[in-house]
Amino acid sequence: MAGHVQHTGTGDGPSDEARAAAEWQLWHERRTAVVSGPYGPLALTGTHWLDDHPDGRIPGLPGRWTAEGDAVRLTGADGDGLTLDGAPFTGEARLTADHGPIGEARAGHGERRFPVLHREGLWAVRDFDPGAPARRAFAGIEATAYDARWALPGRYVPYPERTGLRVRNADGVERGLGLDGEIVFELGGAERTLRVAVEDDGSLWAVFSDPTGTATGADPDGGNSSYRFRFLRPRPPAADGTVTVDFNRALLPPCAFADHFICPFPPPGNTLPVPVTAGERRATTR
1 MAGHVQHTGT GDGPSDEARA AAEWQLWHER RTAVVSGPYG PLALTGTHWL
51 DDHPDGRIPG LPGRWTAEGD AVRLTGADGD GLTLDGAPFT GEARLTADHG
101 PIGEARAGHG ERRFPVLHRE GLWAVRDFDP GAPARRAFAG IEATAYDARW
151 ALPGRYVPYP ERTGLRVRNA DGVERGLGLD GEIVFELGGA ERTLRVAVED
201 DGSLWAVFSD PTGTATGADP DGGNSSYRFR FLRPRPPAAD GTVTVDFNRA
251 LLPPCAFADH FICPFPPPGN TLPVPVTAGE RRATTR
């Protein structure tokens, strides 16, 4: 696990770097708490595509789940033990995609929650179980301590319009990925770019890989030392497009914690040639 970084400030307070390091430490602790929470990514035990179960019966899940156009029909019988909106449920209900916190998903069974997922016209049901073995085995997120040299000045360059392309996902299926522009920054003595999407709150989102990842080769600092790809979520750019590209906050994707996520792989152009020895590196187990 990453440790605290000690700095000596001047004057009446800590230095800017010390404050940034303290903020990073708090971010890392909060991030670990979210990941290890009852309905964090470690709790996902299955993503079940309804087209694979035409009879509506999903092994291990109570009830019947049937895709019907713009919704999923859930049928619950006596003895299934299903709940809907927190109350015991029998009969039939139409469910649309869940977009809120996992713990607030409409359908469940005891502490388990069954959020409904919709992707490119296909419906799925996910099974989040606070008692998942992966959650019990989790020991933490290995991350490199804050280093100000990895907080790089950059600029955001938007595309004239959103660009869509197909990229492979962690489950081996190609799906659409929308990209809105690029962030440009200097790394390793040269100008680099990462293609990004703009989130609803104006922040940016990139999927990138680098030589520390297990799928991109060995890095000079000790071999394959990071997950095969990572996410980066820079804050919204300023009005003039300037943005901080802070690799200290590189994130492990959800599929680094559970195999049942469908994270997109990096799009063409988002494989950096320079080892990024910063941010979250991999999940650890007991």
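Counted the way the UniProt record's numbering counts, the sequence shown spans residues 1 to 286.
Where a beta carbon is used, it is the ideal one built from N, C-alpha and C, also for glycine.
It should be emphasised that the depicted structure is a prediction, and the values quoted were computed from it without experimental measurement.
- When secondary structure is reduced to three states using DSSP, residue 270 falls in the coil class, being assigned neither helix nor strand.
- Here residue 159 is exposed, its C-beta having fewer than 16 other C-beta atoms within 10 Å.
- The criterion of a C-beta distance shorter than 9 Å is not satisfied by residue 42 and residue 65.
- Annotated three-state conformation of residue 277 is coil, per DSSP.
- For residue 246, the uninterrupted beta strand (DSSP E) segment begins and ends at 242-246.
- Nearest Cα to residue 208 within the set 131, 228 and 132: 228.
- With 16 or more other Cβ atoms inside 10 Å of its own Cβ, residue 182 counts as buried.
- Under the 10 Å beta carbon count, residue 99 is surrounded by fewer than 16 other beta carbons and is classified as exposed.
- Take the alpha-carbon of residue 44 and the one of residue 87: they are about 22 Å apart.
- Per the DSSP secondary-structure output, residue 74 pairs in a beta bridge with 65 and 93.
- Rounded to whole angstroms, the gap between the alpha carbons of residue 267 and residue 211 is 16 Å.
- Counting only the Cα atoms, residue 146 lies some 39 Å from residue 120.
- Looking at the DSSP output, residue 156 sits in a beta bridge with 183.
- Secondary structure at residue 103: helix, using DSSP grouped into helix, strand and coil.
- For the set 247, 115 and 241, the Cα lying nearest the Cα of residue 233 is the one of 247.
- Within its own chain, the residues whose Cβ lies closer than 7 Å to the Cβ of residue 34, once the five positions on either side in sequence are excluded, are 40, listed in chain order.
- In this structure, 195 is the residue among 141, 195 and 25 with its C-alpha nearest to the C-alpha of residue 164.
- Under a 10 Å Cβ-count criterion, residue 54 is classified as exposed, with fewer than 16 other Cβ atoms of the shown protein chains found around its own Cβ.
- Per DSSP, reduced to three states, the secondary structure at residue 35 is helical.
- It is roughly 43 Å from the alpha-carbon of residue 285 to the alpha-carbon of residue 239.
- Below 8 Å, enough C-beta pairs join the region 269-280 and the region 135-144 to call them touching: three or more.
- Within its own chain, the residues whose Cβ lies closer than 6 Å to the Cβ of residue 256, once the five positions on either side in sequence are excluded, are 227 and 283, listed in chain order.
- Out of 188, 102, 170 and 205, the CA that lies nearest to the CA of residue 38 is found in 102.
- Residue 173 is classed as exposed because its beta carbon has fewer than 16 other beta carbons within 10 Å across all chains shown.
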